[in-house]
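Comments concern the structure below.
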Amino acid sequence: MRHLYFATQRESKVNSLKRELERLPNWGVLTIPFDVPEPRGENVKEIALAKVGYAQKFITKTGVIALDAGFYIDALDGFPGAMVNHILKNTTLGVEAFLKLMCGVKTRSCRFTECLAFLDPKLTRRPICFEAEIPGTLAEEQRGDFRPDQHWSQLATIFIPKNESKTLAEMSEAEYEKWRTIREKSAMKLFVDWLSQF
């Protein structure tokens with residue numbers, strides 16, 4: 001079996017990739033055994049590239065991936081964008097801050113934008129990026145139960161995916177899995193599709 005190292009400490013991200021890799025039984029995923037600095041910036045692609053480049057300095061014999069995502073609220077001109085994790089970690093309000101900013105606003109469209117960067121000296125000379133958007137609507141209040149093994153952040157309690165009526169956190173495990181498998185391509189799905197050629 002060949003392994004990829006994932007530059008993350010988030011169990012939910014690793015679990016998501018493991019589910020995607022189920023269709024490629026000769027590939028597995030391991031968590032990088034050290035912290036990877038989280039650069040600040042406004043571009044998720046640049047952040048993912050910086051993380052994968054840092055990790056590849058220490059893990060040189062196999063592939064490394066890094067994923068970064070931003071959360072963009074259209075009525076707030078794309079705020080918080082790629083700074084979302086920094087804002088969530090450094091405010092006492094958490095997702096409530098976004099709900100307060102959007103109080104009384106009718107246009108509630110929002111989206112996640114994600115970029116997965118991959119680098120493996122045996123397969124690629126430069127990092128390859130896989131990008132995707134997940135459109136949705138911002139709920140008017142927190143709904144559902146945040147599950148750290150499944151959801152990437154507390155945003156699951158306020159994000160309603162396109163063509164759905166529940167937040168990610170309101171969905172049962174079966175509903176969440178169904179949504180995950182039928183939704184438009186994610187960065188992880190695009191990556192695994194590409195990886196299937198090896």
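All letters in the sequence shown, in the order written, are residues 1 to 198 by full-length UniProt numbering.
Where a beta carbon is used, it is the ideal one built from N, C-alpha and C, also for glycine.
Separation of G94 from D145, as counted between CA atoms: Stepping through the sequence shown from its first residue, residue 145 is reached at position 145. Stepping through the sequence shown from its first residue, residue 94 is reached at position 94. Spanning the two alpha carbons is a distance of roughly 15 Å.
Euclidean distance between Cα positions of R126 and R180: Taking the sequence shown and counting its residues from 1, the one referred to as residue 126 is at position 126. Taking the sequence shown and counting its residues from 1, the one referred to as residue 180 is at position 180. The alpha-carbon of R126 is positioned some 29 Å away from that of R180.
3 or more residues per run - each beta strand (DSSP E) lying fully within the region 100-164: Fully enclosed beta strand (DSSP E) runs of 3 or longer: 109-119, 128-138, 159-161.
D35 in three-state terms, based on DSSP: Residue mapping note: residue 35 aligns to position 35 of the sequence shown, counting from 1. In the structure shown, D35 falls within a coil segment according to DSSP collapsed to helix, strand and coil.
Continuous alpha helix (DSSP H) stretch holding R19: start and end: Here residue 19 refers to the residue found at position 19 of the sequence shown. Run containing R19: 11-21, per the alpha helix (DSSP H) assignment.
Distance between S196 and W27 (C-alpha atoms, nearest Å): Residue numbering aside, residue 27 sits at position 27 when the sequence shown is read from its first letter. Residue numbering aside, residue 196 sits at position 196 when the sequence shown is read from its first letter. Per the coordinates, the alpha-carbon of W27 lies some 9 Å from the alpha-carbon of S196.
At least 3 beta-carbon pairs within less than 8 Å: the region 8-17 vs the region 41-50: A contact is defined here as three or more CB-CB pairs under 8 Å, and the region 8-17 fails this definition with respect to the region 41-50.
DSSP three-state assignment for A69, whether helix, strand or coil: As a working mapping, residue 69 is identified with position 69 in the sequence shown. Secondary structure of A69 (DSSP, three-state): strand.
Which of helix, strand or coil DSSP assigns to G63: Counting from one through the sequence shown, the residue named residue 63 turns up at place 63. Of the three classes helix, strand and coil, the one that applies to G63 here is strand, per DSSP.
Contact between the region 49-63 and the region 116-126 (3+ Cβ pairs under 8 Å): In short, these stretches touch, since the Cβ pair count reaches three.
contact_flag[the region 95-105, the region 174-194] where n(CB pairs < 8 Å) is 3 or more: In this structure the region 95-105 does not lie against the region 174-194, because fewer than three pairs of beta carbons, one per stretch, are closer than 8 Å.
Reduced DSSP category for T2 - H, G, I as helix; E, B as strand; rest coil: Counted from its first residue, the sequence shown places residue 2 at position 2. Looking at the sequence itself, residue 2 is Arg, so the reference to Thr does not match. Reduced to three states, the DSSP call for R2 is strand.
Per-residue DSSP class, three states only, for residue 270: In the structure as shown, the chain starts at 1 and stops at 198, and residue 270 therefore has no counterpart that could be examined.
Whether F71 touches C110 by CB criterion (8 Å): One-based indexing of the sequence shown puts residue 71 at position 71. One-based indexing of the sequence shown puts residue 110 at position 110. For the 8 Å CB-CB criterion, F71 and C110 form a contact.
Beta-ladder partner(s) of G53, from DSSP: Locating residue 53 in the sequence shown gives position 53, counting from the first residue. Under DSSP, G53 shares a beta bridge with no residue.
Own chain, CB closer than 6 Å to A117, minus 5 neighbours either side, in chain order: If you number the sequence shown from 1, residue 117 lands on position 117. By the criterion of a C-beta distance shorter than 6 Å, A117 is surrounded in its chain by A48, L49, V52, A66, P127, C129, once the five residues flanking it on both sides are discounted.
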